[in-house]
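Whatever position you read off the sequence shown (first residue = 1), add 129 for our numbering.
Have a look at the structure below before the remarks.
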Amino acid sequence: MARIVCVHGIAQQFEGANTLLSEWHPALADGVERAGTEIAAEDVAMAFYGDLFRPEGHRSASVPPVGCSAH
């Protein structure tokens, strides 16, 4: 079986690789199962870069979610 690297999109700076993968892996496994096979958890990884957009020492709680306008 091929190894799979998942790559998240924008606005994931408050998540982590393990959190995202725990959400993505079940859906991925369901799709692979419907295709007639299975994939082991160790064959799936999450490439995480959201932390690059989170300044050190700041929680950034005042930053509005993506798509929200600042009125």
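We put the CB at the ideal spot given by N, CA and C, even for glycine.
Given the structure is predicted, the values throughout are model-derived calculations rather than measurements.
Pick helix, strand or coil for residue i, following the three-state DSSP scheme.
| i | result |
| --- | --- |
| A140 | coil |
| E167 | coil |
| G160 | helix |
Please list, in chain order, all residues of the same chain as residue i whose beta carbon is under 6 Å from its beta carbon, the five residues on each side excluded.
| i | result |
| --- | --- |
| I133 | V173 |
| M175 | C135, A146, L149 and L150 |
With a threshold of 16 other CB atoms inside 10 Å of the CB of residue i, please say whether the residue is buried or exposed.
| i | result |
| --- | --- |
| F177 | buried |
Can you pull the DSSP bridge partners for residue i?
| i | result |
| --- | --- |
| I133 | V173 |
Since residue i is in the alpha helix (DSSP H), which residue starts that stretch and which ends it?
| i | result |
| --- | --- |
| R183 | Careful: R183 lies outside any alpha helix (DSSP H) and carries neither H nor E. |
Quick one: residues in its chain with C-beta nearer than 8 Å to the C-beta of residue i, no 5 flanking neighbours on either side, listed in chain order?
| i | result |
| --- | --- |
| A156 | none |
| A158 | E167 and I168 |
| A170 | H154 |
Skipping 5 residues on each side, what residues in its chain have a beta carbon closer than 7 Å to that of residue i?
| i | result |
| --- | --- |
| E144 | G179 |
| Q142 | G179, D180, F182 and R183 |
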